[in-house]
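The next block holds one structure in the form of structure tokens; read it before the comments.
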Amino acid sequence: MPSLTRILLPVDFSGRSRGAARYAAALARLFGAEITVLHVVLPPHYEFSVLESGSALLNQLYAARIEQLRKDLDEQLAEELSGVKTIRVLETGDPARKIVEYAHKGADLIIMPTHGYGPFRRFILGSVTAKVLHDADCPVMTGVHLEEAPERPETKFSKVLAAVDLGPQSKKTLEWAAWLATAAGAALTLIHVTPSLESRAGDYVDPDWRARLAAEAHREISEILEATGAAPEIVIENGDAPAVICAYAGQLPADVLVIGRGSAAGMFGRLRTNAYAIIRQSPCPVISV
Numbered sequence: 019m020p021s022l023t024r025i026l027l028p029v030d031f032s033g034r035s036r037g038a039a040r041y042a043a044a045l046a047r048l049f050g051a052e053i054t055v056l057h058v059v060l061p062p063h064y065e066f067s068v069l070e071s072g073s074a075l076l077n078q079l080y081a082a083r084i085e086q087l088r089k090d091l092d093e094q095l096a097e098e099l100s101g102v103k104t105i106r107v108l109e110t111g112d113p114a115r116k117i118v119e120y121a122h123k124g125a126d127l128i129i130m131p132t133h134g135y136g137p138f139r140r141f142i143l144g145s146v147t148a149k150v151l152h153d154a155d156c157p158v159m160t161g162v163h164l165e166e167a168p169e170r171p172e173t174k175f176s177k178v179l180a181a182v183d184l185g186p187q188s189k190k191t192l193e194w195a196a197w198l199a200t201a202a203g204a205a206l207t208l209i210h211v212t213p214s215l216e217s218r219a220g221d222y223v224d225p226d227w228r229a230r231l232a233a234e235a236h237r238e239i240s241e242i243l244e245a246t247g248a249a250p251e252i253v254i255e256n257g258d259a260p261a262v263i264c265a266y267a268g269q270l271p272a273d274v275l276v277i278g279r280g281s282a283a284g285m286f287g288r289l290r291t292n293a294y295a296i297i298r299q300s301p302c303p304v305i306s307v
């Protein structure tokens, strides 16, 4: 069964960090979890690249910078995290590497503020978020990535959507979603998307193939439900998985979408193609397990 006693909240003092903090606080209150607020500052030769490494001026400027950041870390997000047990940590180094290192110390969930700028926000993930999704062992929650999506003033978990591909991660994905839905008193929906097959001129496509794919999907889903004990509403659609899942999440509308992101084996690590696309396009926060 999933557990949520330690939440890791990396922050960069942006508006997106505030949104992530609200979700962290809501989950911490729901599960009685502790939040580690982590800010990672780059080494001095990155912060002040025009100065000679090791110079007295560089050291003085960097010390002043660290002192100000410690003050900011103590003061920032006080409203969002009020009433929640927090530990505030300032580290120096590569942000993605430090976040993953802290996660390996026992975090049950990392909540990342999603980045990206301008009209191409939906087509890229920030490099730090992408690396954390790739390398971290624990579930990772990412915020809404769409440029046009409004900031969500209310943090709630009344509708949980689990998207499964019937692969090895599906049982874990549904367990996590069902556990969250039960704790929050939320409605749980499971969606699976069968592949789309478009015929070309002169090609024969069996007209019953969709029905057979759906029937096989129902059979496999029944096995997962039996193994997990979950009882979600089941939706089976056909088409491009990321597009269909994200469209359905918007129609529901889901407050959070739970997906699997695969095992760490292989050159692509945990972040598979569909997971990457879903995180970019989702109209609601995504928890990747």
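Just so you know, the sequence shown maps onto residues 19 to 307 in our numbering. Note that CB positions come from ideal geometry on N, CA and C, so glycine has one too.
What residue does the beta strand (DSSP E) around residue i start on, and which one ends it?
i, result
"P28", "R24 to P28"
"V146", "V146 -> not in any beta strand (DSSP E); alpha helix (DSSP H) instead, spanning S145 to D153."
"H122", "Taken as a continuous stretch (DSSP letters only), H122 belongs to no beta strand (DSSP E), as it is neither H nor E."
"S306", "V304 to S306"
In angstroms, rounded to a whole number, what distance separates the CA positions of residue i and residue j?
i, j, result
"A202", "N77", "49 Å"
"L91", "A82", "14 Å"
"P271", "A295", "19 Å"
"A167", "I254", "Only weak support exists for where A167 lies, its pLDDT of 48 falling under 50; the value from the coordinates is given anyway. C-alpha separation (whole angstroms): 26 Å."
"R88", "G33", "18 Å"
"R228", "L48", "41 Å"
"G37", "P131", "7 Å"
"G280", "I297", "14 Å"
Would you mind working out which of the options sits nearest residue i, comparing C-alpha positions?
i, options, result
"V276", "R88, S306, L60 and D90", "S306"
"T207", "R115, V274 and A233", "V274"
"C156", "T191, R230 and A44", "T191"
"I209", "A259, V107 and T160", "A259"
"T104", "I25, T147 and L184", "I25"
"H57", "A46, D30 and G280", "D30"
"V262", "D183, D112 and G280", "D183"
"A121", "R230, L151, L95 and L179", "L151"
"V146", "A114, L179, E98 and T54", "A114"
"A199", "L99, T23, E238 and L45", "L45"
"T212", "E244, T23 and A235", "A235"
So, helix, strand or coil for residue i, using DSSP?
i, result
"R106", "strand"
"V262", "helix"
"E93", "helix"
"E251", "strand"
"T200", "helix"
"E85", "helix"
"V162", "coil"
Skipping 5 residues on each side, what residues in its chain have a beta carbon closer than 7 Å to that of residue i?
i, result
"S214", "N256, G257 and D258"
"T246", "K189, L192, E193 and A196"
Leaving out five residues before and five after residue i in sequence, what residues of the same chain have Cβ atoms less than 6 Å from its Cβ?
i, result
"D153", "V118"
"S21", "D126"
"M19", "none"
Within its chain, find whatever has a CB closer than 8 Å to the CB of residue i; leave out the 5 residues flanking it on each side and keep chain order.
i, result
"Y41", "I129, M159, G161, T173 and P303"
"P61", "T110 and G111"
"A293", "L151, I277, G278, R279, G280 and S306"
In the DSSP assignment, the alpha helix (DSSP H) including residue i goes from what residue to what residue?
i, result
"A233", "W227 to T246"
"L45", "G33 to F49"
Shorter than 6 Å, the distance from the beta carbon of residue i to the closest heavy atom of the ligand MG, or not?
i, result
"L91", "No copy of the ligand MG appears in this structure; indeed no ligand is present at all."
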